[in-house]
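Visitor: The opening position of the sequence shown corresponds to residue 192 in the working numbering, with each subsequent residue numbered one higher.
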Amino acid sequence: MDYIILCQDELPYFLLLLKTLSSKRDTIHFIVDNQAIYERLLSQGVSAQLSSFTVDRDKFFKNLQLKPDSCFIVSVKNQALLSTILKLVARYHPYQPTLVIEENDLALPEQLSAKIVRPSSIFTDLCLPRIEQAFTKRHVQQIRELFTDKDKILLLIQSDPDPDAIASALAFRHLIGRNRSTAHIASFGEVTRPENLAMLRLLDIQVEKITPEVIRKYDGLCMLDVQPPHLFTNLTQGINMIDVVIDHHPEKPGYQAKIKDIKATYGATSTILTEYLRAVDFNISQRLATALLYGIKSDTLLLGRGVDPADIEAFSYLYPLANTNILRRIERPEVHPEDIDSFSNALKKRKIIKNILFSHLGRVRREDVIPHFADFSLQIEGVEWSVVSGIFRGNLIISVRNVGYVRSAGVIMKNAFGQLGSAGGHSHMAKAVIPLNNFYKRFGDRRESTIRDRIVDIFLAGFEETTKEQED
Ligand SMILES: [Mn+2]
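(1) Please report the straight-line C-alpha distance between Gly445 and Ala356, rounded to a whole angstrom.
(2) Using a threshold of 8 Å, state whether the C-beta atoms of Leu361 and Ile396 are closer than that.
(3) So, are the CB atoms of Gly458 and Thr491 less than 8 Å apart?
(4) Kindly give me the distance between the Cβ atoms of Ala513 and Glu466, rounded to whole angstroms, as I take these residues to be in contact under 8 Å.
(5) Could you give the distance in angstroms between the alpha-carbon of Asp342 and the alpha-carbon of Ser266?
(6) If you run the structure through DSSP and keep just helix, strand and coil, what is Ile649?
(7) Evaluate Ala455 with the Cβ neighbour count: other Cβ atoms within 10 Å of its Cβ, from every protein chain shown; 16 or more gives buried, anything less gives exposed.
(8) What would DSSP say about Asp249, mapped onto helix, strand or coil?
(9) Rounded to whole angstroms, what is the Cα-Cα separation between Phe379 and Leu422?
(10) DSSP on Val555, reduced to helix/strand/coil?
(11) In or out: Gly581 buried (at least 16 other Cβ within 10 Å) or exposed?
(12) List the residues that DSSP assigns as beta-bridge partners of Met414.
(13) Give every residue of the same chain whose Cβ lies closer than 6 Å to the Cβ of Arg407, excluding the five residues on either side of it in the sequence, and list them in chain order.
(14) With distances taken from CA atoms, which of Glu404, Asp296 and Ile292 is nearest Pro310?
(15) Could you give the first and the last residue of the continuous alpha helix (DSSP H) run that contains Val331?
(16) If you measure between the beta carbons of Arg592 and Leu569, is that distance less than 8 Å?
(17) Do you know how far the Cα of Arg364 is from the Cα of Tyr526?
(18) Rounded to a whole number of angstroms, what is the C-alpha to C-alpha distance between Leu651 and Ile531?
(19) Apply the 10 Å Cβ neighbour rule to Cys318 and answer buried if 16 or more other Cβ atoms are within range, or exposed otherwise.
(20) Can you tell me where the alpha helix (DSSP H) holding Lys539 begins and where it ends?
(21) Taking all protein chains shown into account, decide if Gly616 is buried (16 or more other Cβ within 10 angstroms of its Cβ) or exposed.
(22) Given 7 Å as the limit, tell me if Ala356 has its C-beta closer than that to any heavy atom belonging to ligand 1.
(23) Just to confirm before moving on: does the CB-CB distance between Lys449 and Asp434 stay below 8 Å?
(24) Any heavy atom of ligand 1 closer than 7 Å to the CB of His563?
(25) Tell whether a beta-carbon distance below 8 Å holds between Asp410 and Ile344.
(26) Should Ala614 be counted as a contact of ligand 1 given a C-beta to heavy atom distance under 7 Å?
(27) Terminal residues of the continuous alpha helix (DSSP H) containing Ile142?
(28) Just confirm the distance between the C-beta atoms of Gly600 and Ser613, as a whole number of angstroms; I'd bet it's less than 8 Å.
(29) Do you know offhand how far Val223's Cα is from Ser234's?
(30) Just the Cα atoms here: how many angstroms apart are Gln332 and Asp472?
(31) Use the C-beta contact count for Met192: other C-beta atoms within 10 angstroms, 16 or more gives buried, fewer gives exposed.
(32) Taking the beta strand (DSSP E) that Gly616 falls in, what are its first and last residues?
(33) Determine, using beta carbons only, whether Val280 and Leu303 come nearer to each other than 8 Å.
(34) If I follow the unbroken beta strand (DSSP E) through Tyr194, where does it start and stop?
(35) If Arg557 sits next to Pro385, beta carbons under 8 Å apart, how far is it from one beta carbon to the other, in whole angstroms?
(36) Return helix, strand or coil for Arg592, following the three-state DSSP convention.
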């Protein structure tokens with residue numbers, strides 16, 4: 192890019208020097224009306240001309256050498272002069288791409304392709320984020336200092352660890368320069384969701400299951416994506432030795448930590464950790480970027496829920512660093528050939544009543560094939576609702592989906608199956624988990640066909656009931 196700069200002060204000079212440093216192919220030519228600035232530019236080896244563009248302006252701008260693909264930059268102090276210059280450029284060089292450096296509002300000529308930059312925005316856009324990073328850097332340095340002398344560190348996450356928590360713990364371990372033998376990622380529970388298990392497998396991350404008693408064996412305790420009151424009913428047990436708490440859930444009272452960073456406006460703890468890594472110019476590996484990206488993506492439902500500009504910033508930063516193939520494999524767990532058989536069986540025995548598709552998969556090896564199949568069933572022409580059931584680990588699981596709803600799937604499920612087990616959800620997707628024994632007791636029959644038929648009856652009754660409720 193070529194730059195032609197017309198100025199009465201030195202601001203664009205500094206700006207463009209910065210620019211040339213980053214891209215040596217640019218050419219820059221200054222036009223100035225001030226002897227001192229002119230000499231200073233020449234002494235720096237910058238191409239410049241001393242010219243009075245304030246007298247005989249018409250002639251000056253008519254003869255000004257501007258190529259159509261050059262960028263014309265204007266910075267003059269006097270607003271009236273600036274307006275005149277822009278009008279003349281528009282007249283003699285119509286649609287010249289132009290950058291105007293001016294703090295105040297300004298009417299731009301119609302036939303000029305000009306944009307305005309306010310000098311103050313250089314501070315707000317460029318300097319302010321850096322200042323924030325400097326503060327974050329100090330925070331990270333303090334965290335690192337806290338752990339320098341500690342041998343074994345516990346990175347504790349919630350009891351059904353989700354991708355955001357797992358990624359945050361992994362990032363924290365990198366941040367304090369530890370490995371899996373000196374900093375354990377652990378939980379009082381287990382990872383259960385198939386996607387989360389796939390994440391651990393594909394990114395080679397271990398989450399240990401521990402009991403509260405073993406916390407004493409560690410020299411350092413850090414809690415990520417969760418706060419102590421969530422995990423400890425008796426807070427005295429671990430409370431005296433909590434070093435760091437980093438979370439994005441609303442701040443809970445009643446606990447202390449040496450360093451606390453709670454950012455409740457953020458959509459994910461992974462965003463906080465990404466900011467930490469960037470503040471210290473950490474070289475983020477593909478594995479770590481993939482984990483953090485998935486953490487943000489899953490906690491914000493692909494930037495659709497509770498999202499902060501910081502989440503979008505972190506997401507865009509991580510995206511080119513991540514492995515999107517692995518991400519796809521995590522999000523779409525492979526379907527086992529035997530599950531395909533139960534899919535085709537279920538499809539054959541489907542019932543469609545009032546645009547509602549009912550289908551029962553029988554026993555399934557993985558719970559996620561049930562919602563997966565409910566999603567798929569919505570693609571059948573004319574189907575507006577899908578109700579898919581299956582049996583998994585002693586429970587009858589029912590998954591409901593709809594396209595553009597009138598009635599809420601969550602309310603219907605609560606009305607229909609709330610008495611038999613836990614049931615509820617959102618307007619478009621809902622779920623019920625019913626202990627099989629409850630179901631058998633209620634209907635006194637263990638046959639699959641009974642299960643299938645009763646689900647239809649109960650759902651349709653709930654469906655009608657919910658309509659009435661809404662009409663009232
Ligand atoms: Mn989270």
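Backbone N, C-alpha and C fix where the C-beta goes; we use that ideal spot for every residue, glycine too.
Guide: Result, derived from the coordinates:
(1) By one-based count along the sequence shown, residue 445 stands at place 254. By one-based count along the sequence shown, residue 356 stands at place 165. Taking the straight line from one Cα to the other gives about 22 Å.
(2) Residue mapping note: residue 361 aligns to position 170 of the sequence shown, counting from 1. Residue mapping note: residue 396 aligns to position 205 of the sequence shown, counting from 1. Yes, they are a contact pair.
(3) Taking the sequence shown and counting its residues from 1, one reaches residue 458 at position 267. Taking the sequence shown and counting its residues from 1, one reaches residue 491 at position 300. Cβ atoms of Gly458 and Thr491: closer than 8 Å.
(4) As a working mapping, residue 513 is identified with position 322 in the sequence shown. As a working mapping, residue 466 is identified with position 275 in the sequence shown. 17 Å between Cβ atoms; not a contact.
(5) As a first step, residue 342 must be located in the sequence shown, where it is residue number 151. As a first step, residue 266 must be located in the sequence shown, where it is residue number 75. The straight-line gap from Cα to Cα measures roughly 59 Å.
(6) Within the sequence shown, residue 649 is the residue found at index 458, counting from 1. Correct three-state label for Ile649: helix.
(7) Within the sequence shown, numbered from 1, the residue matching residue 455 stands at position 264. So Ala455 ends up on the exposed side.
(8) In the sequence shown, the residue the question calls residue 249 occupies position 58. Helix.
(9) Start at 1 with the first residue of the sequence shown, and residue 379 comes out as number 188. Start at 1 with the first residue of the sequence shown, and residue 422 comes out as number 231. Cα-Cα distance, rounded: 8 Å.
(10) Taking the first residue of the sequence shown as 1, we reach residue 555 at position 364. Correct three-state label for Val555: coil.
(11) As a first step, residue 581 must be located in the sequence shown, where it is residue number 390. Its Cβ being crowded by 16 or more others within 10 Å, Gly581 is buried.
(12) Within the sequence shown, residue 414 is the residue found at index 223, counting from 1. DSSP, once it has assigned bridges, lists Leu347 and Val436 as partnering Met414.
(13) What you label residue 407 is simply residue 216 of the sequence shown in a count that begins at 1. Nothing listed; no residue qualifies.
(14) Sequence index remark: in the sequence shown, residue 310 carries index 119 (1-based). Of the listed residues, the one whose Cα sits closest to Pro310 is Ile292.
(15) Along the sequence shown, read from residue 1 onward, the residue named residue 331 stands at position 140. Residues Leu319 to Phe338.
(16) Taking the sequence shown and counting its residues from 1, the one referred to as residue 592 is at position 401. Taking the sequence shown and counting its residues from 1, the one referred to as residue 569 is at position 378. Yes; because the gap between Cβ atoms is below 8 Å, this pair is in contact.
(17) As a position in the sequence shown, residue 526 is number 335, starting the count at 1. As a position in the sequence shown, residue 364 is number 173, starting the count at 1. The displayed chain sequence assigns Val, not Tyr, to residue 526. Their backbone Cα atoms lie some 33 Å apart in a straight line.
(18) Counting from one through the sequence shown, the residue named residue 651 turns up at place 460. Counting from one through the sequence shown, the residue named residue 531 turns up at place 340. Going from the Cα of Leu651 to the Cα of Ile531 covers about 27 Å.
(19) If you number the sequence shown from 1, residue 318 lands on position 127. Burial call: exposed.
(20) On the sequence shown, residue 539 is found 348 positions in, with the first residue counted as 1. Per DSSP, Lys539 belongs to the alpha helix (DSSP H) from Pro528 to Lys539.
(21) Residue mapping note: residue 616 aligns to position 425 of the sequence shown, counting from 1. Classification for Gly616: buried.
(22) If you number the sequence shown from 1, residue 356 lands on position 165. Yes.
(23) Position 258 of the sequence shown, counted from the start, is the residue given in the question as residue 449. Position 243 of the sequence shown, counted from the start, is the residue given in the question as residue 434. Yes, Cβ-Cβ distance for Lys449 and Asp434 is below 8 Å.
(24) Locating residue 563 in the sequence shown gives position 372, counting from the first residue. Incorrect: His563 has no Cβ contact closer than 7 Å to ligand 1.
(25) Mapped onto the sequence shown, residue 410 falls at position 219. Mapped onto the sequence shown, residue 344 falls at position 153. In contact: Asp410 and Ile344 (Cβ atoms closer than 8 Å).
(26) For the purposes of this step, residue 614 is taken as residue 423 along the sequence shown, with counting starting at 1. Result no, Cβ not under 7 Å from ligand 1.
(27) As shown, the chain starts at 192 and ends at 663. That puts residue 142 outside it, with no answer to give.
(28) Residue mapping note: residue 600 aligns to position 409 of the sequence shown, counting from 1. Residue mapping note: residue 613 aligns to position 422 of the sequence shown, counting from 1. It is Ala, not Gly, that sits at residue 600 in the sequence shown. The pair is not a contact, with the Cβ atoms about 15 Å apart (cut-off 8 Å).
(29) Taking the first residue of the sequence shown as 1, we reach residue 223 at position 32. Taking the first residue of the sequence shown as 1, we reach residue 234 at position 43. Using only the alpha carbons, I get a separation of about 14 Å.
(30) In the sequence shown, the residue the question calls residue 332 occupies position 141. In the sequence shown, the residue the question calls residue 472 occupies position 281. Answer to the nearest angstrom: the Cα atoms are 12 Å apart.
(31) Position 1 of the sequence shown holds residue 192. With fewer than 16 other Cβ atoms within 10 Å, it is exposed.
(32) Taking the first residue of the sequence shown as 1, we reach residue 616 at position 425. That run of the beta strand (DSSP E) goes Ser613 to Gly616.
(33) Mapped onto the sequence shown, residue 280 falls at position 89. Mapped onto the sequence shown, residue 303 falls at position 112. Their beta carbons are under 8 Å apart, which means Val280 touches Leu303 by this criterion.
(34) Your numbering for residue 194 matches position 3 in the sequence shown. Per DSSP, Tyr194 belongs to the beta strand (DSSP E) from Asp193 to Cys198.
(35) Translated into positions along the sequence shown, residue 557 becomes position 366. Translated into positions along the sequence shown, residue 385 becomes position 194. Indeed, because the Cβ distance is near 6 Å, the residues count as touching under 8 Å.
(36) For the purposes of this step, residue 592 is taken as the residue at position 401 of the sequence shown. Three-state DSSP puts Arg592 in a strand.
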